[in-house]
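Structure first, then comments.
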Amino acid sequence: MKKSNPSQSMVNQSIFDIFSDETISGVAYKNKALKRAIINHLDQTGNTTITDLAAALNISVPKTTSLINELIGDGLVKDQGKVDSKGGRRASLYGLVAESAFFMGVDVKHYYVNIGLLDFKKNLVTSEMHVPYQLANTQESFDQLIKIIQDFISNLPAATRNILAICMNLSGRVNSENGYSYSFFHFHEEPLSTTIEQITGIRTYLENDSRAMAYGEFHRGIVRDEKNVLFVNLDYGIGLGIMINGQIYRGKSGFAGEFGHIPLFTNEIICHCGKKGCLETEASGQALIRLFREKIAQGSSSSLLQHDKLPDPLHLSSIIAATRNEDVLCIELIAGIGEKIGRGISVLINIFNPELVILGGILSETDEYIRLPIRSALNKYSLSLVNNDTQLVMSRLQEKAGVIGGCLIARDKLLSFP
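Our numbering numbers the first residue of the sequence shown as 85 and each following residue consecutively.
Quick look at the structure:
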């Protein structure tokens with residue numbers, strides 16, 4: 085696929101120099117590190133004076149002034165006006181420029197893609213949801229995904245094309261440190277993140293979709309003061325994003341959170357991972373579709389039947405919509421799956437003792453139809469002393485959790501400095 089670079093030509097090269105990982109040393113290295121430190125401090129605290137900034141970072145006022153002036157020249161920082169003062173000369177407040185740079189989040193689902201753009205001050209500028217797409221581990225599927233990304237960028241206003249980084253979220257086993265996906269698009273020798281970066285010309289990171297959703301919900305969703313949070317992604321499969329002390333827990337190899345593959349059942353159903361008895365085989369979106377078809381074959385009725393036939397293909401979204409429209413069969417199946425998911429979450433609660441468990445993903449769109457049986461199962465299977473300290477809530481960001489999480493991960497990774 086032809087390489088394109090739609091963003092770098094739009095951005096002051098010095099901005100890329102600040103965030104590049106090129107090996108440098110001496111004064112240049114120190115200045116780059118200090119600039120990133122200033123940006124991170126402004127990001128955390130908001131507008132501040134040069135005096136306060138110098139004190140916080142333990143830098144001299146003249147050096148801080150020089151670096152601030154350079155960042156103003158780069159377009160990343162601006163004078164936000166004078167601070168209120170009861171006497172003496174009023175100092176200027178400096179802060180980040182929202183429109184100076186942007187970050188993309190690409191959340192890849194089984195049958196569509198959600199994609200969004202975050203500005204430098206972490207505002208979601210625009211998003212495109214439910215772009216039709218079919219995820220498969222093929223070159224054709226990969227090429228289609230790249231085209232969706234390129235079309236999104238080309239349709240942006242010129243002022244928002246200065247994109248510094250992309251984070252793509254994929255289900256399955258993803259190592260975000262080395263940029264490899266071991267479930268999809270692993271037919272290149274180099275890391276998938278490198279392949280995408282070479283095509284788009286934009287720094288690219290890879291993340292597991294459940295972890296990205298957890299990150300988005302943690303920083304922009306329903307989480308408030310909680311630090312230890314589990315995000316359960318109820319989709320065609322079942323994923324888990326783990327936040328411990330406010331940080332994503334990825335595990336040694338980057339594969340932590342394979343919640344759907346806990347061998348919770350004794351059955352002969354082969355999971356897509358190749359093993360039997362996984363939670364996903366009886367308590368996932370894919371399991372829901374199988375159970376629904378079995379019930380229809382046994383003579384059950386549903387509003388989804390049209391002239392005695394089901395939609396082909398039958399998507400999970402159709403069953404979700406029927407559930408919300410009080411289809412009795414769908415409600416019963418959702419309740420059964422919820423009880424099994426609750427058993428699995430009980431194991432997590434007993435192990436992690438989290439402050440918060442968030443239910444997200446497409447199955448969570450059934451709201452109380454799935455939350456209540458899960459809550460009932462938690463009361464039944466988890467230790468009461470542990471369970472009493474854990475809140476069970478629904479995702480506030482819903483479909484945008486992965487998009488916002490991806491944007492934030494791209495931004496945070498780029499702003500970090502080794």
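All C-beta atoms in this analysis are idealised placements derived from N, C-alpha and C, irrespective of residue type, glycine included.
This structure is a prediction, so every number in the text was calculated from the model and none was measured.
Same chain, Cβ closer than 7 Å to Ser448, five either side skipped, listed in chain order
Once the five neighbours on either side are set aside, the close Cβ partners of Ser448 are Leu318, Ile454, Met478, Ser479.
Mapping the DSSP letters down to three states, classify Ala242 as helix, strand or coil.
In the three-state reduction of the DSSP assignment, Ala242 falls in the helix class.
From the DSSP output, which residues share a beta bridge with Ile354?
In the DSSP assignment, Ile354 forms a beta bridge with Lys360.
Does Ile237 come out as helix, strand or coil in the three-state DSSP assignment?
Three-state result, Ile237: helix.
Given a cut-off of 7 Å on the beta-carbon distance, is the pair Phe521 and Ala249 in contact?
Look at the range of the chain in this structure, 85 to 502, and you will see that residue 521 is not part of it.
What does the alpha-carbon distance come out to for the pair Val95 and Leu229?
Note that Val95 scores a pLDDT of 48, beneath 50, so its modelled location is shaky; the value from the coordinates is reported in the next line. Val95 and Leu229 have their C-alpha atoms roughly 25 Å apart.
Let's see if you can read the secondary structure: which residues bound the alpha helix (DSSP H) around Ile435?
It spans 412-436 - the alpha helix (DSSP H) in which Ile435 sits, taken as one unbroken run.
Between which two residues does the alpha helix (DSSP H) holding Glu212 run?
Run containing Glu212: none in the alpha helix (DSSP H); it sits in the beta strand (DSSP E), 208-216.
Counterpart residues of Phe186 in DSSP-defined beta bridges:
Phe186 has Asp203, Ile247 as its beta-bridge partners, per DSSP.
Does Ile232 pass the burial test, meaning 16 or more other C-beta atoms within 10 Å, or should it be called exposed?
By the 16-neighbour rule on beta-carbons within 10 angstroms, Ile232 is buried.
Close beta carbons around Pro216, own chain, < 7 Å, minus the five adjacent residues each side:
Here the set comprises Tyr196.
Given a threshold of 16 other Cβ atoms within 10 Å of its Cβ, counted over all protein chains shown, does Phe269 qualify as buried or as exposed?
Phe269 should be labelled buried.
Looking at Val71: is its Cβ nearer than 7 Å to the Cβ of Gly189?
Residue 71 lies beyond the residue range present for the chain, which begins at 85 and ends at 502; the question has no answer from this structure.
For Ser384, collect the residues of the same chain with a Cβ closer than 6 Å to its Cβ; drop the 5 residues on either side in sequence, then sort them by chain order.
Within the same chain, Leu413 come within 6 Å of Ser384 by CB-CB distance, once the 5 residues on both sides are set aside.
Extract the residue ranges of the beta strand (DSSP E) inside the region 466-500, only unbroken runs of 3 or more that lie entirely within it.
Within the region 466-500, the runs of beta strand (DSSP E) at least 3 residues long that lie entirely inside it are, in chain order, 475-478.
For Gly444, which beta-bridge partners are listed by DSSP?
Note: Gly444 is bridge-paired with Asn317 in the DSSP secondary-structure output.
Mind checking which residues open and close the alpha helix (DSSP H) that includes Tyr299?
For Tyr299, the enclosing alpha helix (DSSP H) covers residues 293-304.
Spatial neighbours of Leu499 within its chain, please: CB distance less than 8 Å, with the 5 preceding and 5 following residues excluded, ordered by chain position.
Correct list, in chain order: Phe103, Arg120, Ile123, Asn124, Asp127.
Which of the three DSSP states, helix, strand or coil, is assigned to Ser460?
Under the three-state reduction of DSSP output, Ser460 falls in the helix class.
Write down every uninterrupted run of the alpha helix (DSSP H) in the region 108-146 whose length is 4 residues or greater and which is fully enclosed by it, in chain order.
Qualifying alpha helix (DSSP H) stretches, in chain order: 110-129, 134-141.
Does DSSP classify Asp392 as helix, strand or coil?
If DSSP states are grouped into helix, strand and coil, Asp392 belongs with coil.
For Arg295, which residues from the same chain have a beta carbon less than 6 Å from its beta carbon, with the 5 sequence-adjacent residues on both sides left out?
Result list for Arg295: Gly325, Ile332, in chain order.
Would you mind reading off the limits of the alpha helix (DSSP H) that contains Gly369?
Start and end: 369-381.
Please look up how many angstroms separate the CB atoms of Gly338 and Gly323, rounded, as I've assumed it's under 8 Å.
With a Cβ gap of about 14 Å, Gly338 and Gly323 do not count as contacting.
Under the three-state reduction of DSSP, which class applies to Lys86: helix, strand or coil?
Because the pLDDT at Lys86 is just 43, under 50, the model does not fix this residue reliably, and the value given afterwards should be weighed accordingly. Reduced to three states, the DSSP call for Lys86 is coil.
Do Gly179 and Asn131 have their CB atoms nearer than 7 Å?
A distance below 7 Å separates the beta carbons of Gly179 and Asn131.
How many Å lie between Asp451 and Ile404 at the Cα?
Spanning the alpha carbons of Asp451 and Ile404 requires a straight line of approximately 10 Å.
What is the rounded straight-line gap between the Cα of His356 and the Cα of Ala371?
For the pair His356 and Ala371, the Cα-to-Cα distance works out to about 12 Å.
Sheet register partners of Val258 (DSSP bridge):
Answer is Ser265.
Cut-off 7 Å between Cβ atoms - residues of its own chain near Ser277, not counting five sequence neighbours on either side:
Excluding sequence positions up to five before and after Ser277, its CB lies within less than 7 Å of the CB of Gly263, Thr288, Tyr289, Leu290, all in the same chain and listed in chain order.
Local Cβ density within 10 Å of Ser466, reported as buried at 16 or more and exposed below that:
Buried, because 16 or more other Cβ atoms sit within 10 Å of the Cβ of Ser466.
First and last residue of the beta strand (DSSP E) that includes Ser385?
Judged by DSSP secondary structure, Ser385 falls outside any beta strand (DSSP E); it is assigned neither H nor E.
Can you give the Cα-Cα distance for Gly428 and Leu363, rounded to whole angstroms?
Between Gly428 and Leu363, the alpha-carbon positions lie close to 7 Å from each other.
Rounded distance between the beta-carbons of Leu476 and Leu462, thought under 8 Å:
Taking a contact as a CB-CB distance under 8 Å, the pair Leu462 and Leu476 counts as one, their CB atoms being some 7 Å apart.
Using the C-alpha atoms, what's the distance from Pro146 back to Ala340?
In a straight line, the C-alpha of Ala340 is about 46 Å away from that of Pro146.
Can you tell which of Ser430, Val431, Ser402 has the C-alpha that lies nearest to the C-alpha of Ile418?
Nearest C-alpha to Ile418: Ser402.
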